[in-house]
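If you're matching them up, the sequences are chains A and B in order.
Numbering follows this note's numbering, with no gaps: position 96 of the first sequence is 96.
With positions in the second sequence counted from 1, the corresponding number in this note's numbering is that position plus 197.
There are 2 protein chains.
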Amino acid sequence: MTDRRRTILEGAARVIARRGVRGLRVSEVAAEAGVSTALVYYHFKDRPGILRHALAFIGDRADRYTSAAQEPTAAGPEDPRERLERMLLLEFQDLPEVRENSTAWGELRAHSVFDPELREELATAGAAWAAEVAELLTVACPGAPGPAAGAAAERLTALLEGLSVRWLSGLVRQAHARELLRAAVRLEVDRLAATIT
Amino acid sequence: MTDRRRTILEGAARVIARRGVRGLRVSEVAAEAGVSTALVYYHFKDRPGILRHALAFIGDRADRYTSAAQEPTAAGPEDPRERLERMLLLEFQDLPEVRENSTAWGELRAHSVFDPELREELATAGAAWAAEVAELLTVACPGAPGPAAGAAAERLTALLEGLSVRWLSGLVRQAHARELLRAAVRLEVDRLAATIT
DNA sequence: GTCTATAAAGCGATAGAC
DNA sequence: GTCTATCGCTTTATAGAC
Chain A
1 MTDRRRTILE GAARVIARRG VRGLRVSEVA AEAGVSTALV YYHFKDRPGI LRHALAFIGD
61 RADRYTSAAQ EPTAAGPEDP RERLERMLLL EFQDLPEVRE NSTAWGELRA HSVFDPELRE
121 ELATAGAAWA AEVAELLTVA CPGAPGPAAG AAAERLTALL EGLSVRWLSG LVRQAHAREL
181 LRAAVRLEVD RLAATIT
Chain B
198 MTDRRRTILE GAARVIARRG VRGLRVSEVA AEAGVSTALV YYHFKDRPGI LRHALAFIGD
258 RADRYTSAAQ EPTAAGPEDP RERLERMLLL EFQDLPEVRE NSTAWGELRA HSVFDPELRE
318 ELATAGAAWA AEVAELLTVA CPGAPGPAAG AAAERLTALL EGLSVRWLSG LVRQAHAREL
378 LRAAVRLEVD RLAATIT
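Next up, the structure:
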């Protein structure tokens, strides 16, 4: 990808974070990137094209920071439950990049209620994420039945998104959202552990 | 409120459920209600005015059907936990009115990320709802500490909204969403009960 | 109160010069 | 590749008759 394209997509990501997917105006993306609207069309054909590339761009960045969380830390061996908590809590950070990602993801979800075309992509990404969480849950609770871990993962990811929108709209403070999510992880892990013994 | 105003707001509720808050067109509201666009402006001043009244209208309807669930059933005395489950599960019904309400509520939430003006109203309604859930939780678990019940209520309402958007966009079936929510209620109630003994 | 007709503005998209 | 200028459609909002 050329630098110009990247610059425009970065601008688009900021605009999505500020106005939402539905509030995105091509002229605002151009202004944000410091180029003319014609150039945006030249590189991305039309508004859906801009949106498609911007969302892919944002998704790539998200993969980068969530998979980084999977790596073992320098601090030595870590409790699997702590690793799961750390991974999920990555969504609640006050970094511009993370806010942009969370905002875009929430918009995608909300928009999918009215736009069936988005659902397939959303279902794939969501299933992959839930599977990752379920995997970490079974590592934390070896021997836990697969369906139980799957259901727990679905609840945790749905809860995370419910909390995410509250955080992004300023209805709960970041620390509180993190605390609620952490408590939910412990609840689910304890419950899974209890099904074994 | 006059009949005409009510007719227009009912139309607006259907349009919001079909197109979303951002997708609402005044002309479509008018067509849905079977009146001219000018009449819509006459009664509600401008687009934000239509939106404001429509969302209040929808909120009132939601109050009506959720508070109805609080009443004792003819079937006799009911477990408090079951009453809580029943109340929360009301959000997952395939009735047009319920879908409209859930959709509009989800839209309100999603939109509030970008529109600070919506937050106050949302905070009030959300707090009242969470308080109701917390109250039922303490009835189910007498002696449970207030803050613990409050946190459980926040998790349950956030989870419900996370599941709601998945249901409305067809990513999970209704029965599955209900099952996940019911399991979460039991998890939270059991946990609260354990803090006492 | 309700309508038809239209003004005014916003926005996606393109033409054509450089 | 990049810009300025503009076209054309959509949508909000109002004027004025009834």
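Ideal placement from N, C-alpha and C gives every residue a C-beta, glycine not left out.
Is the CB-CB distance between residue i and residue j below 8 Å?
| i | j | result |
| --- | --- | --- |
| R109 (chain A) | V362 (chain B) | yes |
| A54 (chain A) | A12 (chain A) | yes |
| L187 (chain A) | L88 (chain A) | no |
| E282 (chain B) | S299 (chain B) | no |
| L192 (chain A) | A152 (chain A) | yes |
| W167 (chain A) | A177 (chain A) | yes |
| A144 (chain A) | I196 (chain A) | yes |
| R280 (chain B) | V382 (chain B) | no |
| V40 (chain A) | E28 (chain A) | no |
| A230 (chain B) | T204 (chain B) | yes |
| H240 (chain B) | R202 (chain B) | yes |
| R138 (chain B) | L171 (chain A) | Residue 138 (chain B) falls outside the range modelled here, since chain B spans only 198 to 394, and no answer is possible. |
| A322 (chain B) | G256 (chain B) | yes |
| T157 (chain A) | A140 (chain A) | no |
| E294 (chain B) | V218 (chain B) | no |
| L356 (chain B) | L159 (chain A) | yes |
| E161 (chain A) | G359 (chain B) | yes |
| R244 (chain B) | V223 (chain B) | yes |
| Q174 (chain A) | D115 (chain A) | no |
| A391 (chain B) | A301 (chain B) | no |
I want to verify the contact list: residues of chain B whose CB lies under 7 Å from the CB of residue i, in sequence order.
| i | result |
| --- | --- |
| S112 (chain A) | S366 |
| A187 (chain A) | The residue asked about is misnamed: residue 187 (chain A) is Leu in this sequence, not Ala. Simply L384 and R388. |
| L159 (chain A) | R352, A355, L356 and G359 |
| R25 (chain A) | Result: empty, since nearest Cβ-Cβ is about 13 Å, beyond 7 Å. |
| A184 (chain A) | R352 |
| A151 (chain A) | L377 and A380 |
| R14 (chain A) | Result: empty, since nearest Cβ-Cβ is about 13 Å, beyond 7 Å. |
Along chain A, in chain order, which residues have C-beta atoms closer than 7 Å to that of residue i?
| i | result |
| --- | --- |
| A320 (chain B) | L171 |
For residue i, go through chain A and note every residue whose CB falls closer than 8 Å to its CB, in chain order.
| i | result |
| --- | --- |
| R316 (chain B) | S169, G170 and L171 |
| R219 (chain B) | G20, R22 and G23 |
For a contact defined as C-beta to C-beta under 8 Å, what are the partners of residue i on chain B?
| i | result |
| --- | --- |
| G106 (chain A) | A307 and V310 |
Interface residues of chain B around residue i at Cβ under 9 Å?
| i | result |
| --- | --- |
| G11 (chain A) | The contacting residues do not exist; G11 (chain A) stays about 17 Å from chain B at best. |
Run down chain A in chain order and give the residues with a C-beta less than 9 Å from the C-beta of residue i.
| i | result |
| --- | --- |
| S216 (chain B) | Position check: residue 216 (chain B) holds Arg in this sequence, whereas Ser was assumed. What R216 (chain B) touches in chain A: F114. |
What are the residues in the stretch 359-378 of chain B lying within 9 Å of chain A by C-beta distance? Here the close residues are G359, L360, S361, V362, R363, L365, S366, G367, L368, V369, H373, A374, E376, L377 and L378.
Runs of alpha helix (DSSP H) lying entirely within the stretch 203-240 of chain B, each at least 4 residues, in chain order: Runs of the alpha helix (DSSP H) lying entirely within the stretch 203-240 of chain B and spanning at least 4 residues, in chain order: 223-230.
At what residue ranges does the stretch 237-301 of chain B contain a whole run of the alpha helix (DSSP H), taking only runs of 4 or more? If one requires a minimum length of 4 residues, the alpha helix (DSSP H) runs lying completely within the stretch 237-301 of chain B are 244-265 and 277-286, in chain order.
To be precise: take each residue of the stretch 123-142 of chain A, compare its Cβ to all Cβ atoms of chain B, and keep it if any distance is under 8 Å. Which residues remain? Of all residues in the stretch 123-142 of chain A, A123 and G126 have a Cβ within less than 8 Å of some Cβ in chain B.
What residues in the stretch 273-300 of chain B have a beta carbon less than 7 Å from any beta carbon of chain A? The residues in question are T300.
Taking Cβ-Cβ distances below 7 Å as the criterion, which residues of the stretch 241-252 of chain B are in contact with chain A? Within the stretch 241-252 of chain B, no residue has its Cβ closer than 7 Å to any Cβ of chain A.
Starting from the N-terminal side, write out each stretch of the alpha helix (DSSP H) that is 4 residues or longer and does not extend beyond the stretch 136-173 of chain A. Here the runs fully enclosed are 146-168.
When you check each C-beta in the stretch 255-267 of chain B against every C-beta of chain A, which residues fall closer than 8 Å? Cβ contacts with chain A: none found.
Going residue by residue through the stretch 300-331 of chain B, where are the continuous beta strand (DSSP E) segments of at least 3 residues, counting only ones entirely within it? No beta strand (DSSP E) of 3 residues or more sits fully in the stretch 300-331 of chain B.
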